[in-house]
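Student:
Chains as they are written, first to last, in the numbering used here: chain S, 45 to 152; chain V, 40 to 154.
1. Assuming residue 150 (chain S) contacts residue 76 (chain S) under a Cβ cut-off of 8 Å, what Cβ separation, rounded to an integer in Å, is found between them?
2. With a cut-off of 7 Å, does the C-beta of residue 116 (chain S) fall near any C-beta of chain V?
3. Taking only beta-carbon atoms, is residue 81 (chain V) less than 7 Å away from chain S?
4. Please confirm if residue 129 (chain V) has its CB atom under 7 Å from at least one CB of chain S.
5. Please list the partners that residue 141 (chain V) has in chain S, where partner means a Cβ-to-Cβ separation under 7 Å.
6. Could you check whether residue 60 (chain S) and residue 117 (chain S) sit closer than 7 Å to each other, using their CB atoms as the reference points?
7. Taking buried to mean at least 16 other C-beta atoms within 10 Å of its own C-beta, is residue 119 (chain S) buried or exposed?
8. Near residue 141 (chain S), what residues of its chain come up, given a Cβ to Cβ distance below 7 Å and the 5 sequence neighbours on each side ignored?
9. Per the DSSP calculation, residue 57 (chain S) is bridged to which residue(s)?
10. When the Cβ atoms of the segment 54-61 of chain V are set against those of the segment 74-88 of chain S, are three or more pairs found closer than 8 Å?
11. Using beta-carbon positions only, say whether residue 69 (chain S) and residue 143 (chain S) come within less than 7 Å of one another.
12. Check for me: the beta strand (DSSP E) holding residue 87 (chain V) runs from which residue to which?
13. Are residue 85 (chain V) and residue 114 (chain V) touching if we call contact CB-CB under 7 Å?
14. If you measure from the beta carbon of residue 123 (chain V) to each beta carbon in chain S, is any gap under 7 Å?
15. Pick from V:149, V:61, V:134 and V:154: whose alpha carbon is nearest that of residue 67 (chain V)?
16. Could you list the residues in the segment 142-153 of chain V with a C-beta less than 7 Å from some C-beta on chain S, going in chain order?
17. Is it the case that the segment 71-79 of chain V contacts the segment 107-125 of chain V, given that we only count it when at least three CB pairs across the two stretches are under 8 Å?
18. Of all the beta strand (DSSP E) runs that stay within the bounds of the segment 69-139 of chain V, which reach a length of 3 or more residues?
19. With DSSP as the reference, please indicate the residues paired to residue 99 (chain S) in a beta bridge.
20. Bridge partners for residue 128 (chain S) per DSSP, in chain order?
21. The beta strand (DSSP E) that contains residue 150 (chain V), what's its start and end?
22. Does chain S have any CB closer than 7 Å to the CB of residue 135 (chain V)?
23. Is DSSP giving residue 112 (chain S) helix, strand or coil here?
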């Protein structure tokens, strides 16, 4: 089975940096995704990690440590539009299983 | 633009009245998924098709069925909706295989209300 844990909610200030953590336990691992989901909308793909280390993509970076079952999503230069839910998903074979998401609130 | 389309966006049905949700894709992906998502919860995988092969999750109620008549279309049938089935239903597609990113592309979802 799989167990994925993320904080329920975080708040941050516009222009700041925020780190959203995800810990997981899984019987098989084939990569970890981060998705962004605005309220009432579908998730959209942000990043993918399969090897240990940091993947950087513009304002967003994602880190993975397979030995620790740990990942984080780093958002820099926060904008109001970054207010959304951020879902961590662990892939076993080709199937991802989602965590419940972290609701990020960005305030001025 | 290649995309995943879901119809309708909003569906209201009566308790016990069968309902069908539809999903189509222009991405030519061989895997299609149906997820159920309730407020502030993780998307829960109901089932998926890998090509024509149907894969049901162990805890998906028998009330939920699916059809995939061709690569582009997939349907979710709820035979006798209960109040607990009110949720957002998300269709997603991906390429199959373990060796690469193959991220999922989601449709906009169908919000189901059961009265």
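Quick reminder that beta carbons are idealized off the backbone N, C-alpha and C, glycines included.
Tutor: So, from the listed chains and residues:
1. A Cβ-Cβ distance of about 24 Å is found for the pair residue 150 (chain S) and residue 76 (chain S), leaving them out of contact under the 8 Å criterion.
2. For residue 116 (chain S), the answer is no, since every Cβ of chain V falls outside 7 Å of its Cβ.
3. Contacts with chain S at 7 Å (Cβ-Cβ) include residue 81 (chain V).
4. Yes, contact with chain S.
5. Those are 138, listed as they occur along chain S.
6. A distance of 7 Å or more separates the beta carbons of residue 117 (chain S) and residue 60 (chain S).
7. Looking at its Cβ environment, which holds 16 or more other Cβ atoms inside 10 Å, residue 119 (chain S) is buried.
8. Apart from sequence neighbours up to five positions away, the residues of its chain that approach residue 141 (chain S) with a beta-carbon distance below 7 Å are 46, 48, 133 and 134, ordered along the chain.
9. Paired residues: S:151.
10. Three or more Cβ pairs closer than 8 Å define a contact, and the segment 54-61 of chain V falls short of that threshold against the segment 74-88 of chain S.
11. Cβ atoms of residue 69 (chain S) and residue 143 (chain S): not closer than 7 Å.
12. Taken as a continuous stretch (DSSP letters only), the beta strand (DSSP E) holding residue 87 (chain V) covers 83-89.
13. Contact flag unset, no.
14. Not closer than 7 Å to any Cβ of chain S, the Cβ of residue 123 (chain V) fails to qualify, so no.
15. Of the candidates V:149, V:61, V:134 and V:154, V:134 places its Cα closest to the Cα of residue 67 (chain V).
16. Correct list: 142, 143, 145, 146, 147 and 148.
17. When C-beta atoms of the segment 107-125 of chain V are compared with those of the segment 71-79 of chain V, three or more pairs fall below 8 Å, so the two segments count as touching.
18. Runs of the beta strand (DSSP E) inside the segment 69-139 of chain V: 70-76, 83-89, 92-95, 103-106, 112-117 and 126-133.
19. Looking at the DSSP assignment, residue 99 (chain S) forms a beta bridge with S:106.
20. Residue pairing from DSSP places residue 128 (chain S) in a beta bridge opposite S:148.
21. Unbroken beta strand (DSSP E) run through residue 150 (chain V): 149-153.
22. Closer than 7 Å: yes.
23. In the three-state reduction of the DSSP assignment, residue 112 (chain S) falls in the coil class.
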